[in-house]
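Below you'll find the structure, written out as structure tokens, and then a few comments.
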Amino acid sequence: MSEQQAARTATETTDLDDRIITVIARVGGLERDEVTGDKTLVDDLDIDSLTLLEIAVTIQSEFGIPMPEEVLPDFRIVSDITRYVGEHHGDA
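Sequence positions in the sequence shown follow this note's numbering and run 24 to 115.
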């Protein structure tokens, strides 16, 4: 991979992460700057299972990727969600 391709991929990842964090903040009723990759969904952001399901449905709708309920318990911190979407975004 060339440096230019790597830089473009890093930018796309950053843009993707930002879009996902914006969804989490909007659906979770949070300020955008409260939501960072290292925040825990339950303890730091007070996101309950119903809100997490709502986030998953919104991500499915906005990004066109499947996010089955079975994967939701694997999401402990914000970066778990951004990683999942990043891994599956190209598959859609």
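Glycine included, each C-beta is placed from N, C-alpha and C at the ideal position.
For a cut-off of 8 Å, the C-beta gap from L39 to G109 is around 6 Å, short enough to register as a contact. If you draw a straight line from the Cα of L64 to the Cα of G87, it comes to about 22 Å. For R106 and V94, the gap between their C-alpha atoms comes out near 12 Å. For the set G52, V50 and G60, the Cα lying nearest the Cα of T37 is the one of G60. For I104, the enclosing alpha helix (DSSP H) covers residues V101 to H112. In the structure shown, T59 adopts coil according to DSSP, grouped into three states. A straight line joining the alpha-carbon of V80 with that of D56 spans about 22 Å. The alpha-carbon of V58 is positioned some 10 Å away from that of D41.
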